[in-house]
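Numbering (this note's numbering), first residue to last: 1117 to 1477.
Report on the structure given below.
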């Protein structure tokens, strides 16, 4: 039936046309919302995948020492911290120093596998073993002692009381030639109980005894960084320093105890020599029957003569003028010499033999 001119037919079809238009608009809105949701949901796995890859790690167990040419076992594990749920391909590397069986294998998250290995060669006795995962993340980095060929050496050193000296410990071979380490993660601990030890960028407590410092030996280096050693004992004597070379602080590969000489406080021998001379002067003064009026004068003369005798005794001992080869670290020697110089008399000890006189000094 055709619509009439008065519009009655058109009015009957207008509601259907409006409804169709509304349905089209609704479909467009729903489609745009759906595509936005799908895009948002699709971005999540990509972000999560990036986070998962960085949290995976490969572990190689713990091995301290091996022997070249003898088989050993490595336990390789894939640690999954919420990362991939599919197996990873593990590749064993050592720079050609170690032969692995197998050298490449799949490993599931949280699983572990034993790998047989033989060290074919070792540069300076240290072997580095790596296990890389196809998932990325942290690889296994294991340094093993395969018969370290070096030992520690320190230069001869004499410490003065209160003075800081810079010391560096070398790594040398059996012929005392420098031996550079071929791997990283080598740590040297220097400790002592007889002096104060510190680094150049820090300062230990004044007068504090003991302590230790940790020095990292970079790959290719044959010496430790310089550290500071300060004698805090006014009497002097030996200073024993323990140096320990280890792999990441867990496996000791070299160790040695060094003994350095330290001089006493510079004024201590002089004071001891004067003290010995004063002891002799007091002994003489007590045996002298001096008048009360002359007592003060006798005391002054005794002190002056004791100081002179003590200083001369110190000079003779310190410069070895008597040819006695006295040990300067035995401090009682100065007090004894001061007493002798005061008791016998400086003039008697220094008197030279006159011509024709048969008497000797």
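We put the CB at the ideal spot given by N, CA and C, even for glycine.
Small disclaimer: the values here were computed from a predicted structure and weren't measured.
Among the options, nearest to residue i - alpha-carbon criterion
i, options, result
"residue 1102", "1236, 1226, 1176 and 1223", "Since the first residue shown for the chain is 1117 and the last is 1477, residue 1102 is missing from the structure and cannot be characterised."
"residue 1227", "1204, 1243 and 1256", "1204"
"residue 1244", "1335, 1425 and 1217", "1335"
"residue 1435", "1450, 1421, 1422 and 1423", "1450"
"residue 1360", "1180, 1274 and 1268", "1268"
"residue 1215", "1179, 1188 and 1340", "1188"
"residue 1175", "1186, 1280, 1208 and 1355", "1208"
"residue 1327", "1356, 1230, 1302 and 1210", "1356"
"residue 1342", "1302, 1241, 1377 and 1270", "1270"
"residue 1349", "1257, 1278, 1424 and 1185", "1278"
"residue 1242", "1301, 1251 and 1230", "1301"
"residue 1185", "1292, 1413, 1448 and 1213", "1213"
"residue 1303", "1420, 1365 and 1402", "1365"
"residue 1368", "1220, 1229 and 1264", "1264"
"residue 1177", "1229, 1329 and 1340", "1229"
"residue 1252", "1231, 1173 and 1262", "1173"
"residue 1287", "1339, 1274 and 1262", "1339"
"residue 1289", "1246, 1314, 1247 and 1240", "1240"
"residue 1352", "1448, 1206, 1420 and 1413", "1448"
"residue 1246", "1206, 1224 and 1262", "1206"
"residue 1274", "1344, 1404 and 1377", "1377"
Backbone CA spacing between residue i and residue j [nearest angstrom]
i, j, result
"residue 1331", "residue 1371", "14 Å"
"residue 1201", "residue 1222", "13 Å"
"residue 1276", "residue 1381", "8 Å"
"residue 1107", "residue 1379", "Because the chain is modelled from 1117 through 1477, residue 1107 falls outside the range shown and cannot be assessed."
"residue 1195", "residue 1307", "37 Å"
"residue 1333", "residue 1362", "10 Å"
"residue 1375", "residue 1453", "29 Å"
"residue 1397", "residue 1383", "21 Å"
"residue 1346", "residue 1305", "17 Å"
"residue 1260", "residue 1297", "13 Å"
"residue 1354", "residue 1238", "38 Å"
"residue 1280", "residue 1418", "40 Å"
"residue 1428", "residue 1387", "12 Å"
"residue 1337", "residue 1295", "8 Å"
"residue 1233", "residue 1266", "24 Å"
"residue 1291", "residue 1218", "39 Å"
"residue 1411", "residue 1425", "21 Å"
"residue 1272", "residue 1432", "27 Å"
"residue 1257", "residue 1299", "11 Å"
"residue 1373", "residue 1254", "37 Å"
"residue 1220", "residue 1179", "20 Å"
"residue 1385", "residue 1423", "13 Å"
"residue 1329", "residue 1224", "42 Å"
"residue 1293", "residue 1231", "37 Å"
"residue 1358", "residue 1413", "56 Å"
"residue 1344", "residue 1181", "32 Å"
"residue 1421", "residue 1389", "12 Å"
"residue 1314", "residue 1262", "32 Å"
Environment of residue i [buried if 16+ CB atoms lie within 10 Å]
i, result
"residue 1193", "buried"
"residue 1282", "exposed"
"residue 1430", "buried"
"residue 1312", "buried"
"residue 1191", "exposed"
"residue 1249", "buried"
"residue 1316", "exposed"
"residue 1399", "exposed"
"residue 1402", "exposed"
"residue 1446", "exposed"
"residue 1146", "Note on residue 1146: pLDDT 48, under 50, position unreliable in the model; no value is reported."
"residue 1310", "buried"
"residue 1211", "exposed"
"residue 1416", "exposed"
### Given 8 Å, three or more beta-carbon pairs between the stretch 1391–1407 and the stretch 1443–1460
yes
### Message
So within the stretch 1204–1239, which uninterrupted beta strand (DSSP E) runs reach at least 3 residues, ignoring any that extend past its ends?
### Response
1204–1209, 1214–1217, 1220–1223 and 1228–1235
### Task
Could I get the ranges of all uninterrupted beta strand (DSSP E) runs contained in the stretch 1362–1447, with 3 residues as the minimum, in chain order?
1367–1378
### Message
What ranges does the beta strand (DSSP E) occupy inside the stretch 1233–1310, keeping only unbroken runs of at least 3 residues that lie completely in it?
### Response
1242–1249, 1256–1261, 1267–1269, 1280–1283, 1286–1288 and 1302–1308
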